[in-house]
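Encoded as structure tokens, the structure appears first; notes follow it.
Residue numbers (the numbering used here): 32 to 247.
This is the structure:
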């Protein structure tokens, strides 16, 4: 006779099931748009001679001013972060910087991904084009992150599309090149579905962080 699972076993199973559901969504192929950040960015005519610390560079990556996509990361949660350092970098300083970042209340990470940081080190200094716009620097960092905050970019893009499409602006040019007008509606529906995917993932993350405690 097989033992009947008690209430504690059932609750644990539900928690595990919910965790797997959210994890599968976050690695769903549509939730794959990275938020790229790079620091520092100095122009050649305003070269910065005071060298920034690893902590300063790492913190800058979580600043909206250094992002390649306009969104507010404070309105979402990070699911994964990849930091690629280049130049005069010491692993010990990198570990200290990451530990400090995790303690900041303004930067939130999901609870179900405790190893959310991946780090790469390249000891060759960053390159710049001679005579170009960017200054030569001794160290830099590029960050690729998966965050629910990037959904703001899709909402903003959709709002601009709706405004132009309501006036049929430039539609005749595309139709004249062989497109069908129905393709615009299909693309808009696809973007609406993408927004919904990010919204559902964000909601599930909030529910998990509030109601579920995990054992590792």
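Heads up, the beta-carbon is just placed ideally off N, CA and C, and yes, glycines get one too. Quick caveat, the model's predicted, so the values are computed rather than measured.
Residue 100 and residue 66: beta carbons closer than 7 Å? By one-based count along the chain shown, residue 100 stands at place 69. By one-based count along the chain shown, residue 66 stands at place 35. Against a cut-off of 7 Å, the Cβ pair of residue 66 and residue 100 comes out as a contact.
May I have a chain-ordered list of the alpha helix (DSSP H) segments no shorter than 4 residues that lie completely inside the region 148-198? 182-197
Following the continuous beta strand (DSSP E) through residue 66, name the residue where it begins and the one where it ends. Working through the chain shown from its first residue, we reach residue 66 at position 35. Here the beta strand (DSSP E) through residue 66 covers 66-70.
Leaving out five residues before and five after residue 206 in sequence, what residues of the same chain have Cβ atoms less than 7 Å from its Cβ? Translated into the one-based positions of the chain shown, residue 206 becomes position 175. 212.
Every unbroken alpha helix (DSSP H) inside the region 85-133 [4 residues or more]: 85-92, 122-133
Beta-carbon gap between residue 102 and residue 183 smaller than 7 Å: Counting from one through the chain shown, the residue named residue 102 turns up at place 71. Counting from one through the chain shown, the residue named residue 183 turns up at place 152. Cβ atoms of residue 102 and residue 183: closer than 7 Å.
Buried or exposed, going by whether 16 or more other CB atoms sit within 10 Å of the CB of residue 82? The count along the chain shown starts at 1 and reaches residue 82 at position 51. By the neighbour-count rule (16 or more Cβ atoms within 10 Å), residue 82 is not buried but exposed.
Using alpha carbons as the reference points, say which of 98, 210, 208, 87 lies closest to residue 132. As a position in the chain shown, residue 132 is number 101, starting the count at 1. With distances taken between Cα atoms, residue 132 lies closest to 87.
Starting from residue 140, follow its DSSP beta bridges and name the residues at the other end. Numbered from its first residue, the chain shown carries residue 140 at position 109. Residue 140 is bridged to 109.
Output the distance between the C-alpha atoms of residue 71 and residue 210, rounded to the nearest integer angstrom. Residue mapping note: residue 71 aligns to position 40 of the chain shown, counting from 1. Residue mapping note: residue 210 aligns to position 179 of the chain shown, counting from 1. Taking the straight line joining both Cα atoms gives about 42 Å.
Which residue marks the beginning of the alpha helix (DSSP H) containing residue 203, and which one marks its end? As a working note, residue 203 is residue 172 in the chain shown. Taken as a continuous stretch (DSSP letters only), the alpha helix (DSSP H) holding residue 203 covers 202-207.
Using CA atoms only, rank isn't needed, just tell me which of 169, 148, 165 is closest to residue 154. Position 123 of the chain shown, counted from the start, is the residue given in the question as residue 154. For residue 154, the nearest C-alpha among the options comes from 169.
For residue 74, which residues does DSSP report across the bridge? Here residue 74 is taken as the residue at index 43 of the chain shown, counted from 1. Answer by DSSP bridge pairing, in chain order: 165.
Measuring straight from C-alpha to C-alpha, what distance separates residue 177 and residue 128? For this step, residue 177 is matched to residue 146 along the chain shown. For this step, residue 128 is matched to residue 97 along the chain shown. Roughly 19 Å separates the two Cα atoms.
Hey, how far is the Cα of residue 123 from the Cα of residue 189? Position 92 of the chain shown, counting from 1, holds the residue named residue 123. Position 158 of the chain shown, counting from 1, holds the residue named residue 189. Approximately 43 Å, taken between the alpha carbons.
Got a sec? Which residues, its chain only, sit under 7 Å from residue 186 by beta carbon, not counting five neighbours each side? Counted from its first residue, the chain shown places residue 186 at position 155. Excluding residues within five positions, the ones whose Cβ falls inside 7 Å are 226.
What does the Cβ neighbour count give for residue 224, buried or exposed, with the cut at 16 atoms within 10 Å? Position 193 of the chain shown, counting from 1, holds the residue named residue 224. Flag for residue 224 reads exposed.
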